[in-house]
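Below is one structure, written out as structure tokens, with a few remarks after it.
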Amino acid sequence: MTLDLFQDCDLPSPGREELAPGAILLRGFARRRAEGLVAAIEEIAARTPFRHMQTPGGQHMSAAMTNCGPFGWISDRRGYRYEPSDPDTGAPWPPMPGIFLDLAADAAADAGFPGFLPDACLINRYEPGTRMSLHQDRDEQDLTAPIVSVSLGLPAIFLFGGLKRSDPSDRIALVHGDVVVWGGPSRLRFHGILPIREGTHALLGRQRINLTFRKAA
Ligand code: MD6
Ligand code: FE
Numbered sequence: 007m008t009l010d011l012f013q014d015c016d017l018p019s020p021g022r023e024e025l026a027p028g029a030i031l032l033r034g035f036a037r038r039r040a041e042g043l044v045a046a047i048e049e050i051a052a053r054t055p056f057r058h059m060q061t062p063g064g065q066h067m068s069a070a071m072t073n074c075g076p077f078g079w080i081s082d083r084r085g086y087r088y089e090p091s092d093p094d095t096g097a098p099w100p101p102m103p104g105i106f107l108d109l110a111a112d113a114a115a116d117a118g119f120p121g122f123l124p125d126a127c128l129i130n131r132y133e134p135g136t137r138m139s140l141h142q143d144r145d146e147q148d149l150t151a152p153i154v155s156v157s158l159g160l161p162a163i164f165l166f167g168g169l170k171r172s173d174p175s176d177r178i179a180l181v182h183g184d185v186v187v188w189g190g191p192s193r194l195r196f197h198g199i200l201p202i203r204e205g206t207h208a209l210l211g212r213q214r215i216n217l218t219f220r221k222a223a
């Protein structure tokens, strides 16, 4: 007989915090895999570079972005949408690395969403001073699937609001290796990132990288 203290009991697993129904913070979940993730991100960015996409209003986004997987999220003067190819290079987005798919599925399962198979991964790069204003993620066809969000590098304050833009937001400190899984009744909550503070991270230097895995199609 095996003795597994964390199986079949009602205690929360260590480092697991419910932010709201359907929104679960898994502290440090990606930490052990971070070096492999960073190597994969560098390979993707060599093929499909980070860029500051234009918004429909004509500004440029503060965070630099790229994508991997069958679909990539883009923004331009025509709006926000998912595209199978990089509009800058004309080539399909690079395939989703196995280490990405495994992490997304493992984190989603841990948070109560088994069988998550993302078809899009948006990669956001923030330098100190970069922010992400309050928004909803609503360009995906399948809103029953969660989003899995992975934080790497410099810390950030995540704004976690309600279903209306005017609802008050909580502020959640996210550090290297933290994963937020976000679905069910929380799927359309407004959220954002406060300006990143100046700093240097041991693995990533002067930047924060966020991966968000989605089921877009
Ligand atoms: C970021 N994240 O953490 C931006 N969206 O840099 C997001 O916009 C996000 O973390 C949906 C669900 C979780 C997220
Ligand atoms: Fe978002």
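All residue numbers for the sequence shown refer to this note's numbering, where the first residue is 7 and numbers rise by one. All residues carry an ideal CB built from backbone N, CA and C; glycine is no exception. Please read all numbers here as calculations on a predicted model, not as lab measurements.
Start and end residues, beta strand (DSSP E) containing residue i
i    : result
G85  : G85 to E89
R22  : R22 to A26
D173 : First-last for D173: undefined, no H or E at that position.
A114 : Per DSSP, A114 belongs to no beta strand (DSSP E); it is in the alpha helix (DSSP H), G104 to D116.
I199 : H197 to I199
R212 : No beta strand (DSSP E) holds R212; DSSP gives it neither H nor E.
R131 : A126 to Y132
A70  : A70 to C74
Cβ-heavy atom distance, residue i to the ligand FE, below 7 Å
i    : result
T218 : yes
D143 : yes
H58  : no
H197 : yes
Run of the alpha helix (DSSP H) containing residue i, from where it starts to where it stops
i    : result
D145 : Careful: D145 lies outside any alpha helix (DSSP H) and carries neither H nor E.
V44  : A40 to R53
Cβ distance (whole Å) where residue i is taken to contact residue j below 8 Å
i    : j    : result
W99  : G85  : W99 to G85, Cβ: 19 Å. No contact.
P134 : R212 : 6 Å
L180 : P161 : 7 Å
S91  : M59  : About 14 Å; that fails the 8 Å criterion.
N130 : I215 : 7 Å
P201 : R137 : 4 Å
G75  : A126 : 5 Å
The ligand MD6 heavy atom lying under 7 Å from the CB of residue i
i    : result
S139 : no
N224 : A question about residue 224 goes unanswered here, because the residues of the chain that appear run from 7 up to 223.
S81  : no
S91  : no
V186 : yes
I105 : no
I153 : yes
F164 : yes
S157 : yes
DSSP beta-bridge partners of residue i
i    : result
L3   : In the structure as shown, the chain starts at 7 and stops at 223, and residue 3 therefore has no counterpart that could be examined.
S155 : V186 and T218
L180 : A162
S81  : Y86
Q65  : The partner list for Q65 (beta bridge, DSSP) is empty, contrary to what the question assumes.
Inter-stretch contact (C-beta, 8 Å, three-pair minimum) for the stretch 195-211 and the stretch 101-118: no
Decide if the stretch 177-196 is in contact with the stretch 31-38; the criterion is three or more beta carbon pairs, one per stretch, under 8 Å apart. yes
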